[in-house]
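S.K.:
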Amino acid sequence: MVCVIVHVITYYQKKIKIIIAIIILSLSLCSCEKYDKFLSVHIIDVGQGDSILIKTPNNKNILIDGGDEDNNKIINSYLKSKNIKEINMIIATHLDKDHIGTLDYIVENYTVDKIYTPNQKDDSIPYNNLLTACKNKNLKINHLSKDDSINLDKDIHISVLSPSYIQNNDNNANSIVFNLSYKEMDFLFTGDCEKENESEIINSYDLSDVDFLKVAHHGSYTSSSDTFVKEVSPKIAAISCGYKNNYGHPHKYTLDTLKKYNVKTFRTDLNGDLVFYSDGYKIFTTKKYK
6 MVCVIVHVIT YYQKKIKIII AIIILSLSLC SCEKYDKFLS VHIIDVGQGD SILIKTPNNK
66 NILIDGGDED NNKIINSYLK SKNIKEINMI IATHLDKDHI GTLDYIVENY TVDKIYTPNQ
126 KDDSIPYNNL LTACKNKNLK INHLSKDDSI NLDKDIHISV LSPSYIQNND NNANSIVFNL
186 SYKEMDFLFT GDCEKENESE IINSYDLSDV DFLKVAHHGS YTSSSDTFVK EVSPKIAAIS
246 CGYKNNYGHP HKYTLDTLKK YNVKTFRTDL NGDLVFYSDG YKIFTTKKYK
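Residue numbers (my numbering): 6 to 295.
1) Report yes or no: do the region 99 to 107 and the region 59 to 72 share at least 3 C-beta pairs separated by less than 8 Å?
2) Can you give me the Cβ contacts of Tyr248 inside the same chain, cut-off strictly under 6 Å, excluding the 5 residues immediately before and after it?
3) In terms of DSSP beta bridges, what is Asp191 paired with?
4) Tell me whether Ser154 is buried or exposed, calling it buried when 16 or more other Cβ atoms sit within 10 Å of its Cβ.
5) What does the Cβ neighbour count give for Gly253, buried or exposed, with the cut at 16 atoms within 10 Å?
6) Return helix, strand or coil for Thr61, following the three-state DSSP convention.
7) Please report the distance separating the alpha-carbon of Gly224 from that of Asn208.
8) Between the Cα of Lys119 and the Cα atoms of Ala138, Asn141 and Met94, which residue gives the shortest distance?
9) Spell out a yes or no on whether the region 183 to 195 and the region 75 to 89 are touching, meaning 3 or more CB-CB pairs, one atom from each, closer than 8 Å.
10) Note down the Cα distance separating Lys265 from Leu212, rounded to an integer number of angstroms.
11) Measure the C-alpha to C-alpha separation of Glu59 and Asn267 and round it to an integer number of angstroms.
12) When the Cα atoms are used, what is the spatial distance from Lys126 to Leu166?
13) Can you list, in chain order, the residues of its chain whose CB lies under 6 Å from that of Ser180, leaving out five sequence neighbours each side?
14) Here's a check: name, in chain order, each residue in its chain whose Cβ is nearer than 8 Å to the Cβ of Val280, leaving out the five neighbours to either side.
15) State the DSSP-derived secondary structure class of Leu149, mapped to helix, strand or coil.
16) Do you know whose CA, among Pro239, Met190, His256 and Leu218, lies nearest Ile161's CA?
17) For Val112, report the span of its alpha helix (DSSP H) as first-last.
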């Protein structure tokens with residue numbers, strides 16, 4: 006009799022565990038579906054590097070940069086958690102290894118429609134790995150420069166603001182900087198551009214009402230000048246950098262400048278992954294970040 010009771014209890018315990026697992030999965034799926042109608046910007050925590058996923062309401066996916074060579078598991082895991090199988094566009098903002106290190110893995114393991122880089126070549130191992138991966142997949146590498154534009158969806162438009170020309174031996178200055186507009190919201194992505202790039206950009210374009218800024222160069226003082234931050238006047242800023250990194254990023258100068266202009270600033274070194282949503286009229290998060 007005791008054995009029978011134990012078996013019955015064990016059976017129902019297993020059933021309860023299965024039911025709870027199904028409920029959790031269902032809630033998770035519902036939660037994902039709830040926000041699918043919004044544009045979402047995912048700052049993936051890759052430590053001292055950049056990798057950003059943008060998902061559109063029409064199920065198109067953009068990957069901006071791919072961290073360094075050790076980030077393939079992190080980025081792959083994150084993409085899989087978001088049910089990403091196809092990447093419509095990869096934008097490698099520049100050729101530094103902490104931005105393109107994992108892109109060869111992404112090209113090899115995902116369906117990639119298009120890939121863009123600055124019109125520059127490099128002799129680094131990560132760049133050559135990327136070239137090989139693209140060649141093996143018959144994927145042409147396209148280039149972006151100032152005044153190029155891409156219409157991604159009906160309400161989503163990409164305007165390239167920099168580089169205006171390629172500088173030898175200066176990957177950061179060759180960063181692809183672009184503004185992604187979605188209805189009434191503007192998202193500015195800056196790669197590792199420098200103050201000289203920022204100056205040229207604000208002298209060439211009206212960026213007086215940016216809503217979201219991906220802070221350049223992990224918050225280095227070589228970017229985010231007072232003049233630039235004042236001009237673009239972002240409401241929200243995101244910084245991708247490693248926890249207690251060797252470069253001291255983000256630098257106090259940058260944080261002070263952002264604070265001076267009342268920019269709500271969020272960092273991956275303090276929060277891990279950052280996710281922002283927009284309906285085209287506002288930007289919001291579903292988590293309370295530091």
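Beta carbons are placed, not taken as given, at the ideal position from N, Cα and C, and that holds for glycine.
M.R.: In short:
1) Touching, yes, given that three or more Cβ pairs across the two stretches are closer than 8 Å.
2) Here Tyr248 has Asp274 as same chain residues with Cβ atoms under 6 Å from its own Cβ, once five neighbours each way along the sequence are excluded.
3) According to DSSP, Asp191 shares a beta bridge with Ser186.
4) Around the Cβ of Ser154, a 10 Å sphere holds fewer than 16 other Cβ atoms; the residue is exposed.
5) It counts as exposed.
6) In the three-state reduction of the DSSP assignment, Thr61 falls in the coil class, being assigned neither a helical nor a strand state.
7) Approximately 22 Å between the Cα atoms of the pair.
8) The shortest CA-to-CA distance from Lys119 to any of Ala138, Asn141 and Met94 is the one to Met94.
9) With the cut-off at 8 Å, the region 183 to 195 and the region 75 to 89 do not touch.
10) When rounded, the separation of the alpha-carbon atoms in Lys265 and Leu212 is 18 Å.
11) First, the amino acid is wrong: residue 59 is Ile here, not Glu. Using only the alpha carbons, I get a separation of about 25 Å.
12) One alpha carbon belongs to Lys126, the other to Leu166, and they sit about 20 Å apart.
13) Hits under 6 Å: Thr98, His99, Gly196, Asp197 and Cys198.
14) For Val280, where only same-chain residues beyond five positions count, the Cβ hits under 8 Å are Ser45, Val46, His47, Ile48, Thr290, Thr291 and Lys292.
15) Coil, per DSSP.
16) Checking every option, the nearest Cα to that of Ile161 belongs to Met190.
17) Per DSSP, Val112 belongs to the alpha helix (DSSP H) from Leu108 to Asn114.
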